[in-house]
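**Q** This is the structure I have questions about; it appears just below.
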Amino acid sequence: MTTNPAGRDVSAVIDVTKPSVARVYDLALGGKDNYESDRVVYRQIMEILPEVPEWAKENRRWLQRAVGWMAREQRIDQYLDLGAGLPTAQNTHQIAQSENPAARVVYVDNDPSVIAHGRALLMDNERTDFAAADFTRPAEVLADPAVKETLDFSRPVGLIQALVLHHISDLDEVVAYQAEYLDRLPSGSCVAISHACNPRDGSEAATLAATFEEKFQPHFPSLRFRTPAEIATLFGDLELVDPGLVRLFDWHGPGIEVDDTPADHYRDAASRFLVCGVARKP
Ligand SMILES: C[S@@+](CC[C@H](N)C(=O)[O-])C[C@H]1O[C@@H](n2cnc3c(N)ncnc32)[C@H](O)[C@@H]1O
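The sequence shown begins at -3 in my numbering and counts up by one.
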């Protein structure tokens, strides 16, 4: 029997024979909510990109900096985190609430493991809620009771899309539903995106990204690495704040000097594997 943190039997809803993106990613972060089907995929990925655990952690460190900046510098006190993943250390609500204890967060995910295990863990405080929904359906997400009751769309909102948009294969489709989210955001809102990148420039980074994507295909056919230009379209016509669309460890927020590059030990090709940016709605 598989039980969730509230002690409920969730064996019926979680198919342990099929790998889950949420669980494979959680494995890279050192989490325990995974099964042999997830570990098989993870081992294959590690053969071509042994830096994967470092990258998963780097993404979480970027999330921390991006949400910290929005909360501190932009005074944003409400967040919609799409494709939240399994709860780990320093989730969006912990980051935002460490800046402002009144901050509110709604997490959205459609993976049965995240729904079963995550809801209980994430609902550890009254200003955090969870919507079991498909983020490619903005109308449904925005009409979800958790979203409607927790967030006030007449004030700035932080929209978080960390390592999620590359799970939708059709770029036009992503751009279309992004437009619906961006349209609904009031002035002063911010959008934070991290995304798998293939520069498609014949470089070693491009070869590595293509190999990774190919290895993932049989398990997660909708995964798409995109060029920086394609990823930039996901912000619609919003302007990126400095330093723009960059490697994860290069984003520290506008005007923040970085004296050392924590990623000196990464292979150059692997360092271009994930990019991120934050845009603000004027
Ligand atoms: C790689 S994890 C990223 C987790 C987290 N955002 C982070 O950066 O640490 C991708 C997450 O997106 C979720 N996801 C993928 N497609 C989704 C969809 N259409 N609707 C809702 N969640 C989705 C997966 O279930 C998974 O939890």
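By construction, the Cβ of each residue, glycine as well, lies at the ideal position given by its N, Cα and C atoms. These numbers were taken from a predicted model, which means no experiment stands behind them.
With distance defined between alpha-carbon atoms, name the residue in N30, V187 and V170 nearest to P278.
**A** Checking every option, the nearest Cα to that of P278 belongs to V187.
**Q** Beta carbon of T132: closer than 7 Å to some heavy atom of ligand 1?
**A** Flag set: Cβ of T132 near ligand 1.
**Q** In chain order, which continuous runs of the beta strand (DSSP E) of length 3 or greater are located wholly inside the stretch 154 to 206?
**A** Whole beta strand (DSSP E) segments, 3+ residues: 154 to 158 and 186 to 192.
**Q** Nearest-angstrom Cα distance between V32 and D11?
**A** Note on identity: in this sequence residue 32 is Glu, with Val being the wrong assignment. About 11 Å.
**Q** Which residues bound the alpha helix (DSSP H) around T88?
**A** Looking at the DSSP string, the run of the alpha helix (DSSP H) that includes T88 is T88 to E95.
**Q** Please report how far the alpha carbon of W247 lies from the alpha carbon of P239, in whole angstroms.
**A** W247 and P239: Cα-Cα distance of roughly 6 Å.
**Q** In the DSSP assignment, find the beta strand (DSSP E) that holds A275 and state where it starts and stops.
**A** Per DSSP, A275 belongs to the beta strand (DSSP E) from L270 to R276.
**Q** Quick one: does the C-beta of G184 sit closer than 7 Å to a heavy atom of ligand 1?
**A** False, no ligand heavy atom lies under 7 Å from that Cβ.
**Q** With DSSP as the reference, please indicate the residues paired to V242 in a beta bridge.
**A** The partner list for V242 (beta bridge, DSSP) reads C272.
**Q** In its own chain, which residues sit with a C-beta less than 6 Å from the C-beta of E176, not counting the 5 before and 5 after it?
**A** For E176, where only same-chain residues beyond five positions count, the Cβ hits under 6 Å are P134.
**Q** On a CA-only basis, which of T229, P15 and R71 is nearest V36? Give me that one, please.
**A** It is P15 whose Cα lies nearest to the Cα of V36.
**Q** Would the beta-carbon of D29 be found less than 7 Å away from any heavy atom of ligand 1?
**A** Not under cutoff, so the answer is no.
**Q** Based on Cα-Cα distance, which residue from T13, S165, L181 and G27 lies nearest to I156?
**A** Nearest option by C-alpha distance: L181.
**Q** I'd like the span of the alpha helix (DSSP H) that includes Y21, first residue to last.
**A** Unbroken alpha helix (DSSP H) run through Y21: V17 to A24.
**Q** Which residue comes first and which comes last in the alpha helix (DSSP H) that contains R57?
**A** V48 to E69 is the extent of the alpha helix (DSSP H) around R57.
**Q** Measure the Cβ-Cβ separation of A128 and I111 and say whether it is below 8 Å.
**A** Closer than 8 Å, so yes.
**Q** Given a threshold of 16 other Cβ atoms within 10 Å of its Cβ, counted over all protein chains shown, does N0 qualify as buried or as exposed?
**A** Residue placement at N0 is poorly supported in this model, since its pLDDT is 47, which falls under 50; the coordinates still yield a value, given next. It counts as buried.
**Q** What does a CB cutoff of less than 7 Å around Y173 pick up in its chain, not counting 5 residues either side in sequence?
**A** Only T132 and P134 meet the Cβ criterion.
**Q** Run through DSSP, which three-state label would L138 get?
**A** DSSP places L138 in helix when its eight states are reduced to three.
**Q** To the nearest angstrom, how far is it from the Cα of G273 to the Cα of L178?
**A** Approximately 15 Å between the Cα atoms of the pair.
**Q** So, with DSSP's three-state summary, where would you put L82?
**A** L82 falls in the coil class under three-state DSSP.
**Q** Got a sec? Which residues, its chain only, sit under 6 Å from I41 by beta carbon, not counting five neighbours each side?
**A** Around I41: V48.
**Q** Between A205 and F221, is the Cβ-Cβ spacing less than 8 Å?
**A** Yes, the Cβ-Cβ distance between A205 and F221 is below 8 Å.
**Q** Exposed or buried, G154, counting other C-beta atoms within 10 Å across all chains shown (16 or more means buried)?
**A** It counts as buried.
**Q** Report the CB separation of G79 from D22 in whole angstroms; it is logged as a contact under 8 Å.
**A** Not quite, the Cβ-Cβ distance comes to about 13 Å (not below 8 Å), so this is no contact.
**Q** Taking only the alpha-carbon atoms, compute the straight-line gap between V237 and G249 and give it to the nearest angstrom.
**A** C-alpha separation (whole angstroms): 8 Å.
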